Amino acid sequence: MWRRIREILIKEFRQTLREPRMRALLFGPPLIQLLIFGYAVNLDVDNSRIAWMDMDRTPGSRDLRAALEGSGRFRVTAEPGSDAELEELLDHGRVQLAIRVLPGFNRHLQRGETASVQILVDGTNSNTASIVSGQAAGLISAYGGQLMKA
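Structure below.
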C-alpha cells in the first residue's frame, strides 16, 4: 500500500514540475515573500526611550549614562525621582526601558566588586522588550569590562 502511495506522489510531482507555468506558481510566490520579508524584518532597535534613575549620583554612574547615550541605541527621556513615577512611566508606555543605578555603585566599581544596576523593561511588546533589554545588558557589561581592564 505505501509503495503505491509513493508512486502516486512521484507521478504527481513529475506532472507538476513538467509544466513551466506550474513551476512558476509553485516556486515564485514563496521566493518573492522571502525577499520582501527578509528585508522588512529589522531586529535593531535604535533611539529607545529610557528612564534614568540614578540613586548613586557619582562620576561612575554618570559615565555609565554617557556610555549608554553615546551608543546611539538609547535616549534618556525621563529622570524619575521616585519608584511610583518610574512605574507610571513604564505602565503608560512613555519609556521602553528604565535603568536604576543603585546606591554604592561607584564604591563597588572602585573596589572591583560587582556593582548593581537594575534594568526594568516595558513588556508590552515582548520582542522589542527582549531586544532592548539585551542591548542594555550588553552595553552595561561592556562598560564593566572596560573598567576591569583599566
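Each residue of the sequence shown is one higher than the one before, starting from 22 at the first, in my numbering.
Even glycine gets a Cβ: it sits at the ideal position worked out from N, Cα and C.
Bear in mind that the values here come from a model prediction, so they are computed numbers and not experimental data.
Once the 5 residues before and after residue i are set aside, which same chain residues still bring their CB inside 7 Å of it?
i, result
"N68", "R96"
"L111", "A119, L141, D143"
"G114", "D143, T145"
"D153", "The displayed chain sequence assigns Val, not Asp, to residue 153. Hits under 7 Å: V66, S69, Q117, L118, V142."
"I31", "none"
"S92", "L160"
Taking DSSP's pairing of strands, which residues face residue i in a bridge?
i, result
"Q139", "R121"
"D8", "Examination of residue 8 is not possible in this model, given that the chain is present from 22 through 171 alone."
"S69", "F95"
Which residues in the same chain as residue i place their Cβ atom closer than 8 Å to its Cβ, once the five residues preceding and following it in sequence are excluded?
i, result
"E100", "A72, W73, M74, D75"
Near residue i, which residues of its chain fall below 6 Å by C-beta distance, leaving aside the five closest residues on each side in sequence?
i, result
"I161", "V138"
Hey, quick one: how far does the alpha helix (DSSP H) through residue i stretch, first residue to last?
i, result
"M169", "147-170"
"R39", "23-39"
"E100", "That residue, E100, is in no alpha helix (DSSP H); it is neither H nor E in DSSP."
Are the CB atoms of residue i and residue j nearer to each other than 8 Å?
i, j, result
"Y164", "L46", "no"
"L123", "D77", "yes"
"R44", "L52", "no"
"T79", "N148", "no"
To the nearest whole angstrom, what separates the beta carbons of residue i and residue j, a pair I think is in contact under 8 Å?
i, j, result
"G166", "L130", "About 12 Å; that fails the 8 Å criterion."
"R94", "Q156", "5 Å"
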